[in-house]
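Sequence order for the protein chains is H and C.
According to the working numbering, the first sequence is numbered sequentially starting from 1.
According to the working numbering, the second sequence is numbered sequentially starting from 1.
Accompanying notes for the structure given below.
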Amino acid sequence: MSGAVEVGGAFLREQLRSPLNVALLFAIPVFFVLIFAGVLGEFAAALGGDLAEQAATSISAGWAAAFLCGALGFFQLHSSREADRRLAGAGLGAWRVAGARMGSALALGAVASLIAYLTLLLRSGIEHPPHAAVAILFFTAIYIGIGALCGALVRGSLEGSLLVVLVFSLDVFSGPAMTSGGGLADVTPTRDAANLLIAAGSGKGSPAGEWFGAAAVGVGALVVALLAFWTVARSRR
Amino acid sequence: MPKRTDLAAATGTDVVLRMKGVRKSFRRGLPPRRREIRVLKGADLEIRRAELVGLVGENGSGKSTLMQIVVGMLSRDAGEVSLRGRIGYCPQTPMVWEKLTVAEHFALFARAYGLEPTDARQAEGTLLDELQFERYRDVRVEELSGGTRQKLNLALALMHRPDLLLLDEPYAGFDWETYMRFWEMSERLRLEGMGILIVSHLLAERERLDRIYNLFDGRTEVKE
Numbered sequence: 001m002s003g004a005v006e007v008g009g010a011f012l013r014e015q016l017r018s019p020l021n022v023a024l025l026f027a028i029p030v031f032f033v034l035i036f037a038g039v040l041g042e043f044a045a046a047l048g049g050d051l052a053e054q055a056a057t058s059i060s061a062g063w064a065a066a067f068l069c070g071a072l073g074f075f076q077l078h079s080s081r082e083a084d085r086r087l088a089g090a091g092l093g094a095w096r097v098a099g100a101r102m103g104s105a106l107a108l109g110a111v112a113s114l115i116a117y118l119t120l121l122l123r124s125g126i127e128h129p130p131h132a133a134v135a136i137l138f139f140t141a142i143y144i145g146i147g148a149l150c151g152a153l154v155r156g157s158l159e160g161s162l163l164v165v166l167v168f169s170l171d172v173f174s175g176p177a178m179t180s181g182g183g184l185a186d187v188t189p190t191r192d193a194a195n196l197l198i199a200a201g202s203g204k205g206s207p208a209g210e211w212f213g214a215a216a217v218g219v220g221a222l223v224v225a226l227l228a229f230w231t232v233a234r235s236r237r
Numbered sequence: 001m002p003k004r005t006d007l008a009a010a011t012g013t014d015v016v017l018r019m020k021g022v023r024k025s026f027r028r029g030l031p032p033r034r035r036e037i038r039v040l041k042g043a044d045l046e047i048r049r050a051e052l053v054g055l056v057g058e059n060g061s062g063k064s065t066l067m068q069i070v071v072g073m074l075s076r077d078a079g080e081v082s083l084r085g086r087i088g089y090c091p092q093t094p095m096v097w098e099k100l101t102v103a104e105h106f107a108l109f110a111r112a113y114g115l116e117p118t119d120a121r122q123a124e125g126t127l128l129d130e131l132q133f134e135r136y137r138d139v140r141v142e143e144l145s146g147g148t149r150q151k152l153n154l155a156l157a158l159m160h161r162p163d164l165l166l167l168d169e170p171y172a173g174f175d176w177e178t179y180m181r182f183w184e185m186s187e188r189l190r191l192e193g194m195g196i197l198i199v200s201h202l203l204a205e206r207e208r209l210d211r212i213y214n215l216f217d218g219r220t221e222v223k224e
């Protein structure tokens, strides 16, 4: 366990030593909440949805965390897959390397979530702050899973990052209140988390089913991420 | 696929690596242009303790594939691979983290090899000194030259004193002085009992080797 913590710390330092990564960690949530939210409302109207301004602002914080964590999940896995595998083969083992990658991704995801949450809080105020915080964390978990899965399936950095963006775009523009419903809207991975965040922004409670649904998808995504990290690091013997 | 076996238990000999009839194919492209490339068609190899062995072959002949099968980075389609003791692996392209320092790499691999802190410090100091890159200890890999990256790549394979050392084009980027020091170090390690396999498309130091395998058309043959 202590091995995974030590290695996870090194992986985290590796990510934070890129000045652009750190700058984007702050810039993207601010951009999404302050600018993207307004555009999102206009898109929703064009697509037949009824996303109100307050709801659009709330959900944009979730999308900010999702966008960052999708990219982080993908590049956590993609950028160092050969070195990770070498370390696992040297004796650390694939599960410890996967655990370390997971820890690093979760730490960065938590920072992304916190910045998105604080930006949202400062921008508009939230009726149910704890609900919003948890909902943003669900977005984070779900997109760490999506990013890592894309990284495990696709070797090319351009192809893989485009795949993450494609999933993200479909998710955003098919999500709750964005369309008149049906089709993709019923199966998007963040549907329940988005409903929770919209409700939290406007001070409404959410049914237990949505909490359980979002939690199940979030935990499932983290399991997928762990398996993706393990798959890449494992021995082929 | 047959399982790896521990040679110590299986044979009781000095053999540290034995490969027999190893086959490997890669499938490339999508249908209808999908094709199978048969890289290894039954490769055999044997290395004993205190042997310095070369593996040569043309570009694309499968030398690195063979080595990656030994270390478990690639699966094999058929054949047997038997190993004894600890392995050290120096890949052709340095497999390192760009944003971490040389010292952080030593720390990570010391943890992976299960070295005690005092042994890890001693190994790190010895290798930094022997390969002469001590002044780069706190420098990130992204700031190192190609030759210094290769020194780190080699040092990481050596720090736990493996029984079998696998070196894939280990001296690419070395200057002449480092190149000669590398061979002196390899000979010393052989005398200490390490089995060493050096893969290269060009081996100029043939007289230093106990045996050379040539990989041609997916099969190995001992080169006279």
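Backbone N, C-alpha and C define an ideal beta-carbon position, used for all residues, glycine too.
Within 10 angstroms of the beta-carbon of SER104 (chain H) lie 16 or more other beta-carbons, which makes it buried. Straight-line measurement puts the Cα of GLY173 (chain C) at about 20 Å from the Cα of GLU187 (chain C). Taken through DSSP and simplified to helix, strand or coil, ALA50 (chain C) comes out as coil. Taking SER157 (chain H) as the centre and dropping the five residues before and after it, the same chain places the C-beta of HIS78 closer than 7 Å to its C-beta, in chain order. Judged by beta-carbon spacing, LEU40 (chain H) lies beyond the 8 Å limit of ALA112 (chain C), meaning their Cβ atoms are not closer than that value. Chain H has no Cβ within less than 8 Å of the Cβ of LYS63 (chain C). With respect to the C-alpha of LYS20 (chain C), the residue from C:HIS105, C:ARG34, C:LEU197 and C:VAL70 having the closest C-alpha is C:VAL70. In terms of CA proximity to ILE198 (chain H), H:GLN54 leads the group H:LEU106, H:LEU121, H:GLN54 and H:GLY145. The Cβ neighbour count for ARG28 (chain C), taken over all protein chains shown within 10 Å, is under 16; the residue is labelled exposed.
In this structure, the alpha-carbon of LEU170 (chain H) lies about 14 Å from that of GLY147 (chain H).
Proximity of chain H to LYS99 (chain C) at the Cβ level (cut-off 9 Å) is accounted for by ARG13, GLU14, GLN15, LEU16, ARG17 and SER18, in chain order.
Taking all protein chains in view, the Cβ of TRP230 (chain H) is crowded by 16 or more other Cβ atoms within 10 Å, so the residue is classified as buried. Secondary structure of VAL39 (chain H) (DSSP, three-state): helix. Sequence-ordered contacts of the region 107-140 of chain C with chain H read ALA107, LEU108, PHE109, ARG111, ALA112, TYR113, GLY114 and ARG140 [C-beta pairs closer than 8 Å]. One alpha carbon belongs to LEU158 (chain C), the other to LEU166 (chain C), and they sit about 10 Å apart. For the region 64-81 of chain C, the set of residues with a beta-carbon nearer than 7 Å to any beta-carbon of chain H comprises VAL71, GLY72, MET73, LEU74 and SER75, in chain order. The beta carbon of LEU68 (chain H) lies closer than 6 Å to those of ILE28 and ALA112 in the same chain, with the five residues before and after it left out. Apart from sequence neighbours up to five positions away, the residues of its chain that approach LEU25 (chain H) with a beta-carbon distance below 7 Å are LEU68, VAL111, ALA112 and ILE115, ordered along the chain. Ranking H:ALA225, H:ILE144, H:VAL232 and H:ALA135 by CA distance to the CA of PHE212 (chain H) puts H:ALA135 first.
By the CB criterion at 8 Å, VAL199 (chain C) and GLU169 (chain C) fall inside the cutoff.
Taken through DSSP and simplified to helix, strand or coil, GLU80 (chain C) comes out as strand.
Taking a beta-carbon distance threshold of 8 Å, GLY91 (chain H) counts as an interface residue toward chain C. Put simply, of C:LYS63, C:ARG121 and C:LYS99 the residue whose alpha carbon is nearest the alpha carbon of PRO19 (chain H) is C:LYS99. Look at ILE115 (chain H) here: in three-state DSSP terms it is helix. LEU55 (chain C) has its alpha-carbon roughly 24 Å from the corresponding atom of THR148 (chain C). Taking the C-beta atoms as reference points, GLY205 (chain H) is found no nearer than 8 Å to ILE126 (chain H). The Cβ of SER80 (chain H) sits closer than 8 Å to at least one Cβ of chain C. Chain-order list of chain C residues neighbouring SER235 (chain H): GLY72, by C-beta distance under 7 Å.
Interface annotation, GLU169 (chain C): not in contact with chain H, CB-CB separation never under 8 Å.
Rounded to the nearest angstrom, the gap between the Cα atoms of VAL102 (chain C) and GLY109 (chain H) is 27 Å. Going by C-alpha positions, ALA110 (chain C) is about 37 Å away from PHE139 (chain H).
Per the DSSP secondary-structure output, ALA43 (chain C) pairs in a beta bridge with C:VAL22.
VAL232 (chain H) places its beta carbon less than 8 Å from that of ARG85 (chain H). The straight-line gap separating the alpha-carbon atoms of GLU221 (chain C) and GLU80 (chain C) is approximately 17 Å.
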